[in-house]
Structures are given as C-alpha cells and as structure tokens.
Amino acid sequence: MSSPGKIAVYNLSDLKNTTDDALPNYLNSLKFRQLHYLTDVRLALGYAAVIIGGALFYFDWTLGWDATKAYTLPAVIAYFLLNGAFSYWLWFVEKGVIYVGEKQGTKLSISTRTEKHDPTYHLTATITSTASPSTPPRTLSLSVPFSRFYTSDGQFVAQPFQQWLASSVPVVGQADPNNVTEEIGRGNVTEANVGPSELKDVLNALKSGGGVKGGTRRRG
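Under the numbering used here, the first residue of the sequence shown is numbered 985, with each subsequent residue one higher.
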C-alpha cells in the first residue's frame, strides 16, 4: 500500500516528517492506545503564552498604557517563563518523541531523528512494562535508509516500513506477526538492555505459532 502523495527524496525534513506521520497510524491500527500527555503539556504551555501576549496587547490597545501598565511587567515575566518552560519541555522532556502508546501492560515510546546530509532514519524505541514497574525499561536504537520504504520518485510505501518496524521492535512484532520478516531488523540495530538472542526468541515464538509470513524485501 502506498501513500497518495509524493515528496522530494532529497529533502530530509520531508522524508522524516512523512515517515513520522505514518508511524502512529500504523501503531494505532494495531490497537495501541496512543498517549498524548507530552503533546498536551506542550500545547498548554504554548497556548498559555500566546493568550497572555494577546490579552496584554488587547487591553493595552483598548484601555491605554496608563490603565494597563501595572499589569505589563507581571504579564511579560509570565510570558517569558512560559516560553522558557515550553523550550525546556521540547528539548529536555520530549527530546524528539513522536509517539507514546500502550498495549496490554506495555508502554512504547518512540523518538526519531535524522543527521545532516545522511538519508538515514534513526529511531529509538523504549519499552516499559506498566504491569511490572520494577522491570527496567528496554531501549532499542535502530537505523534504516529511507530508500527502504520510498520509491525513487518520492512515493512512500507502507508495507516495507511496517515490516521493518515489526521485525525490529518485539512489542510491535507481537502485535503484528504477519509483518515480521525472516531478516530481523532489516537495518542497523543497537540494543541497550536487549540482547540479539531476545529478538531472535520473539521471531521464533511467533513462527512456532504459525503467524509469520516471510516478507518480500524491497530494494531501494
């Protein structure tokens, strides 16, 4: 299945944004419950700063400086504090997180990035057991060329992307065994707290249940 639009294959921002948009659609279709608290806090901080700035301008415009000057300094301080909190939240809390979801006692957090002049999609998946809070989270660092799931004319092809994600992240593979391929990861994988044998065990368990089909690898 392909997306209807085409993008410029030399534009890393477009490649990343289009791929990022496809990720929550796929995971939500697997019955992950998307959690929006990171986005909600960011929007609340941003809107609060805009409301304060807009209100100050409106009252200053309609009532004049003499009537509003007592409120100007506190409003300006609040505006800058909210903007500072917004920047802190964006860079040090969200840190590139584009998706947080939960399914059957497991929370999945995904952040993505690209590097300058490198057409590679870097993805970090953090898997946390909400049913067992004492269990340490598992982190996977993945990378794959954009050419794995984009045609030469800039068309995004969903299936290779879904196969790569399902074959690289165990909790996604468990939710979508039909997209787990024989070649685990189909890209570079670095695991923190997760050994290669653990990923292999997931594939073997899925195969023994009769739910795995060998995917066709697309060359880009």
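For glycine and all other residues, C-beta sits at the position ideal for the given N, C-alpha and C.
- By the Cβ neighbour-count rule, G1089 is exposed, with fewer than 16 other Cβ atoms within 10 Å of its own.
- Between V1081 and L1124, the C-beta gap is not smaller than 9 angstroms, which leaves the two residues out of contact.
- When DSSP states are grouped into helix, strand and coil, Y1042 belongs to the helix group.
- Approximately 12 angstroms separates the beta-carbon atoms of L1014 and Y1083; this is outside 8 angstroms, ruling out the contact.
- Below 8 angstroms, enough C-beta pairs join the region 1086-1101 and the region 1113-1121 to call them touching: three or more.
- For S1125, the enclosing beta strand (DSSP E) has its first and last residue at 1122-1129.
- Apart from sequence neighbours up to five positions away, the residues of its chain that approach R1026 with a beta-carbon distance below 8 angstroms are F1070, W1073, L1074, E1078, ordered along the chain.
- By the 16-neighbour rule on beta-carbons within 10 angstroms, Y1021 is exposed.
- For T1165, the closest of V1155, A1150, A1159, V1156 by C-alpha to C-alpha distance is A1150.
- Between Q1139 and N1163, the beta carbon gap of about 19 angstroms keeps them out of contact (Cβ cut-off 8 angstroms).
- In this chain, the beta strand (DSSP E) harbouring F1140 covers 1139-1141.
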